[in-house]
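Peer 1: Last residue of the sequence shown? That's 398 in the working numbering, and every number before it is there in order.
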Amino acid sequence: MEEVKQVAALSGIRVLDLTRVLAGPFCTMQLGDLGADVIKVESVDGGDDTRRWGPPYIGTESAYYLTANRNKRSVALDLKTEQGRELLGQLMKTADVVLHNFLPESAARLGVSYEQVRALVPNIVYCAISGYGASENRPGYDYIMQAEGGLMSITGAEDGEPMKVGVAVTDLFTGLYAAVAILAALRHRDQNGDGQAIDMALYDAQLAMLANVASNVLATGREAQRFGNGHPNIVPYQRFDCQDGQVVVTVGNDRQFLDFCHALDLGHLSADARFASNADRVRNRQVLVPLLEEALRRLPTEDILEKLNLARVPCGPVQSVKEALEAADTDNREMIWNSEHPVLGEINLVGSPLKLLLTPPELYRHPPLHGEHTREIMAELDYNSTTIEEWLAKGAVK
Numbered sequence: 001m002e003e004v005k006q007v008a009a010l011s012g013i014r015v016l017d018l019t020r021v022l023a024g025p026f027c028t029m030q031l032g033d034l035g036a037d038v039i040k041v042e043s044v045d046g047g048d049d050t051r052r053w054g055p056p057y058i059g060t061e062s063a064y065y066l067t068a069n070r071n072k073r074s075v076a077l078d079l080k081t082e083q084g085r086e087l088l089g090q091l092m093k094t095a096d097v098v099l100h101n102f103l104p105e106s107a108a109r110l111g112v113s114y115e116q117v118r119a120l121v122p123n124i125v126y127c128a129i130s131g132y133g134a135s136e137n138r139p140g141y142d143y144i145m146q147a148e149g150g151l152m153s154i155t156g157a158e159d160g161e162p163m164k165v166g167v168a169v170t171d172l173f174t175g176l177y178a179a180v181a182i183l184a185a186l187r188h189r190d191q192n193g194d195g196q197a198i199d200m201a202l203y204d205a206q207l208a209m210l211a212n213v214a215s216n217v218l219a220t221g222r223e224a225q226r227f228g229n230g231h232p233n234i235v236p237y238q239r240f241d242c243q244d245g246q247v248v249v250t251v252g253n254d255r256q257f258l259d260f261c262h263a264l265d266l267g268h269l270s271a272d273a274r275f276a277s278n279a280d281r282v283r284n285r286q287v288l289v290p291l292l293e294e295a296l297r298r299l300p301t302e303d304i305l306e307k308l309n310l311a312r313v314p315c316g317p318v319q320s321v322k323e324a325l326e327a328a329d330t331d332n333r334e335m336i337w338n339s340e341h342p343v344l345g346e347i348n349l350v351g352s353p354l355k356l357l358l359t360p361p362e363l364y365r366h367p368p369l370h371g372e373h374t375r376e377i378m379a380e381l382d383y384n385s386t387t388i389e390e391w392l393a394k395g396a397v398k
């Protein structure tokens with residue numbers, strides 16, 4: 001596997017990752033993609049929960065685990081043992097960033113509270129990811145946050161039940177927010193020499209994700225509605241059934257509405273005063289949308305896409321996940337990365353969307369096996385081979 005190059009944006013930064021599941025691992029994968037040395041610290045008894053979140057599995061590893069754990073090394077240790085705690089302390093002394101997603105009370109018991117870590121490394125960048133923040137000991141999962149944070153109430157059919165989003169978006173957004181915060185803290189440390197703590201809550205991230213929907217409620221005091229595949233502030237901006245499939249059309253301004261109508265021979269609608277502006281179309285969506293549905297239902301999907309693309313009206317087909325992964329755009333954007341795994345052989349991973357000209361993300365390391373790098377990392381910390389083998393035999397490390 002290719003070594004991290006000096007040109008990598010985060011070359012020389014070591015991240016000690018004690019997180020499990022998705023939000024934290026997704027965060028540290030972004031840092032690893034950019035060249036950071038990410039050490040994934042796992043328990044000796046199975047490691048990250050997601051290693052067992054299957055099927056599907058590729059060999060011994062769950063597809064879920066492979067999602068968010070490339071570009072990391074794995075060390076497995078038992079924090080209930082003196083040796084495990086010693087090794088963690090030695091690792092912390094070499095780290096620029098420490099990240100965990102323990103409950104606050106658990107973090108203190110395990111010796112990884114901010115005060116405890118800062119005592120070892122005064123300028124550490126410390127990020128704690130939790131459900132509700134550093135002052136709450138309630139556990140939180142993505143699904144709960146989607147429910148409590150309002151996302152489910154605006155997701156699903158207009159006359160249906162609240163629905164969760166099909167992927168764990170709160171976890172993913174939290175991971176991205178945490179990565180941004182860590183980079184900002186590292187920049188501050190570069191300028192001033194000071195480390196700092198980051199208190200990253202899934203609940204906060206979920207509220208921030210509500211964006212314009214939350215702003216609408218704050219502005220009006222009225223409850224947000226479900227619009228199914230529509231949009232609360234823009235019309236037409238939705239999915240339409242076609243003769244042989246489905247398309248999504250997003251008309252973002254009045255010029256695009258004129259172009260949309262002209263491209264599909266619907267000039268009578270663009271000339272109708274009820275639909276002259278976006279505000280008019282929002283007020284009269286119950287009139288306009290059925291007319292558009294009737295018109296598009298008679299047309300082949302490819303015909304609609306060809307005409308709208310020619311008119312520069314944003315549109316696209318509704319594709320399955322498999323279709324999206326196999327699409328020409330996916331190949332053109334090099335969004336599938338191939339990794340050589342020591343046990344599984346060649347595996348495919350969804351790549352990074354970050355396209356930096358000088359310091360692009362790269363695939364340096366396969367998602368590690370449980371404890372794959374324990375010996376290697378202990379040797380880097382000057383533990384001799386006798387000690388390493390003794391600790392392995394005792395089960396203090398794996």
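Ideal placement from N, C-alpha and C gives every residue a C-beta, glycine not left out.
#1: Can you find the residues in the same chain that come closer than 6 angstroms, C-beta to C-beta, to A197, ignoring five residues on each side of it along the sequence?
#2: Based on the DSSP secondary-structure assignment, which residues constitute the bridge partners of L349?
#3: Could you give the uninterrupted runs of the beta strand (DSSP E) lying entirely in the segment 118-156, keeping only those of 3 residues or more?
#4: To the nearest whole angstrom, what separates the beta carbons of C315 and L305, a pair I think is in contact under 8 angstroms?
#5: Starting from S106, trace the alpha helix (DSSP H) in both directions and tell me its first and last residue.
#6: Can you name, in chain order, every residue of its own chain whose Cβ lies under 8 angstroms from the Cβ of E148, other than the five neighbours on each side?
#7: Taking 6 angstroms as the limit between beta carbons, can you name the residues of its chain near R20, skipping five residues before and five after?
#8: Spatial neighbours of E380 within its chain, please: CB distance less than 6 angstroms, with the 5 preceding and 5 following residues excluded, ordered by chain position.
#9: Contact between the segment 154-166 and the segment 224-231: three or more CB pairs below 8 angstroms?
#10: How far does the beta strand (DSSP E) with R16 in it extend, from its first residue to its last?
#11: For a quick check, are the C-beta atoms of R189 and G195 less than 7 angstroms apart?
#12: Taking M152 as the reference, which of E372, A168 and L269 has the closest Cα?
#13: Going along the chain, which unbroken runs of the alpha helix (DSSP H) with 4 or more residues stay wholly within the segment 275-322?
#14: Flag this pair as yes or no: are the beta carbons of R365 and N69 separated by less than 7 angstroms?
#15: Out of curiosity, what's the CA-to-CA distance linking V98 and E326?
#16: Check this for me: beta carbons of S478 and A201, under 7 angstroms apart or not?
#17: Which same chain residues end up closer than 8 angstroms to C242 when comparing Cβ atoms and leaving out the 5 residues on each side of it in sequence?
#18: By the three-class DSSP mapping on this structure, what secondary structure does S113 have?
#19: Can you check whether the CB of L258 is closer than 7 angstroms to the CB of S277?
#20: For G35, which option in A23, G12, R281 and C27 has the closest C-alpha, if you only look at C-alpha atoms?
#21: Taking contact to mean at least 3 C-beta pairs separated by less than 8 angstroms, is the segment 233-251 in contact with the segment 282-294?
#22: G59 and V343 - do their beta-carbons sit closer together than 7 angstroms?
#23: Spell out the partners DSSP gives V343 in its beta bridges.
#24: Could you tell me which uninterrupted alpha helix (DSSP H) segments, each at least 4 residues in length, are contained entirely in the segment 168-238, listed from first to last along the chain?
#25: Can you give me the C-alpha to C-alpha distance between L414 and W391, rounded to a whole angstrom?
#26: Let me know if K43 comes out buried or exposed under the rule of 16 or more other beta-carbons within 10 Å of its beta-carbon.
#27: So which of F26, L358, K398 and V350 has the shortest CA-CA distance to Y177?
#28: My guess is that A263 and A324 are in contact by the Cβ rule of under 8 angstroms, so how many angstroms apart are they, rounded?
#29: For G395, which residues from the same chain have a beta carbon less than 8 angstroms from its beta carbon, with the 5 sequence-adjacent residues on both sides left out?
#30: Express the C-alpha separation of I154 and Q90 in angstroms, rounding to a whole number.
#31: By the DSSP assignment, the alpha helix (DSSP H) with D254 in it spans what residues?
#32: If you draw a straight line from the alpha carbon of D331 to that of K307, how long is it in whole angstroms?
#33: Starting from the C-beta of R375, find all residues in its chain whose C-beta is less than 7 angstroms away, skip the five residues before and the five after it, and write them out in chain order.
#34: For the putative contact between L18 and V112, defined by C-beta atoms under 8 angstroms, what is the C-beta separation to the nearest angstrom?
#35: Look at the Cβ atom of I39, then the Cβ atom of R73, and state whether they are nearer than 7 angstroms.
#36: Identify, in the order they occur along the chain, each residue of the same chain with its Cβ nearer than 6 angstroms to the Cβ of P367, setting aside the five sequence neighbours on each side.
Peer 2: Put simply:
#1: Here the question's residue 197 lines up with position 197 in the sequence shown. Taken in chain order, the residues that qualify are Y114 and Y126.
#2: The count along the sequence shown starts at 1 and reaches residue 349 at position 349. Answer is W337.
#3: 125-130
#4: One-based indexing of the sequence shown puts residue 315 at position 315. One-based indexing of the sequence shown puts residue 305 at position 305. That pair is a contact at about 6 angstroms.
#5: Position 106 of the sequence shown, counting from 1, holds the residue named residue 106. It spans P104 to L110 - the alpha helix (DSSP H) in which S106 sits, taken as one unbroken run.
#6: For the purposes of this step, residue 148 is taken as residue 148 along the sequence shown, with counting starting at 1. Closer than 8 angstroms at the Cβ level, and outside the excluded window around E148, lie Y203 and Q206.
#7: For this step, residue 20 is matched to residue 20 along the sequence shown. Closer than 6 angstroms at Cβ, skipping near neighbours: D48 and D49.
#8: In the sequence shown, residue 380 corresponds to position 380, counting from 1. Hits under 6 angstroms: none found.
#9: yes
#10: Numbered from 1 along the sequence shown, position 16 holds the residue referred to as residue 16. The question names Arg, but residue 16 in the sequence shown is Leu. Per DSSP, L16 belongs to the beta strand (DSSP E) from R14 to D17.
#11: Counting from one through the sequence shown, the residue named residue 189 turns up at place 189. Counting from one through the sequence shown, the residue named residue 195 turns up at place 195. It is a contact, given that the beta carbons lie within the stated cut-off.
#12: In the sequence shown, counting from the first residue as 1, residue 152 sits at position 152. Ranking the options by Cα distance to M152, first place goes to A168.
#13: 278-283, 285-297 and 301-310
#14: Counting from 1 along the sequence shown, the entry for residue 365 is found at position 365. Counting from 1 along the sequence shown, the entry for residue 69 is found at position 69. No, Cβ-Cβ distance for R365 and N69 is not below 7 angstroms.
#15: As a position in the sequence shown, residue 98 is number 98, starting the count at 1. As a position in the sequence shown, residue 326 is number 326, starting the count at 1. Each residue's alpha carbon lies about 37 angstroms from the other.
#16: Nothing can be reported for residue 478: it is not among the residues displayed for the chain, which extend from 1 to 398.
#17: Counting from 1 along the sequence shown, the entry for residue 242 is found at position 242. These residues qualify, in order along the chain: L296, R297, L299, P300, T301 and I304.
#18: Within the sequence shown, residue 113 is the residue found at index 113, counting from 1. Looking at S113 - three-state DSSP - the assignment turns out to be coil, as it is neither helix nor strand.
#19: To locate residue 277, count along the sequence shown from 1; it is residue 277. To locate residue 258, count along the sequence shown from 1; it is residue 258. In this structure, L258 does not lie closer than 7 angstroms to S277 by Cβ.
#20: Your numbering for residue 35 matches position 35 in the sequence shown. G35 has its Cα closest to that of G12, out of A23, G12, R281 and C27.
#21: yes
#22: The residue labelled residue 343 in the question sits at position 343 within the sequence shown. The residue labelled residue 59 in the question sits at position 59 within the sequence shown. Yes, these two residues count as a Cβ contact at 7 angstroms.
#23: Walking along the sequence shown from the start, residue 343 turns up at place 343. DSSP lists no partner for V343.
#24: 169-192, 202-209 and 211-220
#25: This structure does not reach residue 414, given that the chain is present from 1 up to 398, and the question cannot be answered.
#26: Start at 1 with the first residue of the sequence shown, and residue 43 comes out as number 43. In the sequence as displayed, the identity of residue 43 is Ser instead of Lys. Looking at its Cβ environment, which holds 16 or more other Cβ atoms inside 10 Å, S43 is buried.
#27: The count along the sequence shown starts at 1 and reaches residue 177 at position 177. Out of F26, L358, K398 and V350, F26 has the C-alpha closest to the C-alpha of Y177.
#28: Taking the sequence shown and counting its residues from 1, one reaches residue 263 at position 263. Taking the sequence shown and counting its residues from 1, one reaches residue 324 at position 324. Not quite, the Cβ-Cβ distance comes to about 25 angstroms (not below 8 angstroms), so this is no contact.
#29: Here residue 395 corresponds to residue number 395 of the sequence shown, with the count starting at 1. Excluding residues within five positions, the ones whose Cβ falls inside 8 angstroms are V44, D78 and T81.
#30: Translated into the one-based positions of the sequence shown, residue 90 becomes position 90. Translated into the one-based positions of the sequence shown, residue 154 becomes position 154. Near 47 angstroms, if we compare the C-alpha coordinates of I154 and Q90.
#31: The residue you call residue 254 lines up with position 254 of the sequence shown. Its alpha helix (DSSP H) spans residues D254 to A263.
#32: If you number the sequence shown from 1, residue 331 lands on position 331. If you number the sequence shown from 1, residue 307 lands on position 307. The straight-line gap from Cα to Cα measures roughly 24 angstroms.
#33: Mapped onto the sequence shown, residue 375 falls at position 375. The residues are I388.
#34: Position 18 of the sequence shown holds residue 18. Position 112 of the sequence shown holds residue 112. About 6 angstroms separates the two Cβ atoms, so the contact holds.
#35: Counting from 1 along the sequence shown, the entry for residue 39 is found at position 39. Counting from 1 along the sequence shown, the entry for residue 73 is found at position 73. Yes, Cβ-Cβ distance for I39 and R73 is below 7 angstroms.
#36: Translated into positions along the sequence shown, residue 367 becomes position 367. So the qualifying residues of the chain are L66, N69 and R70.
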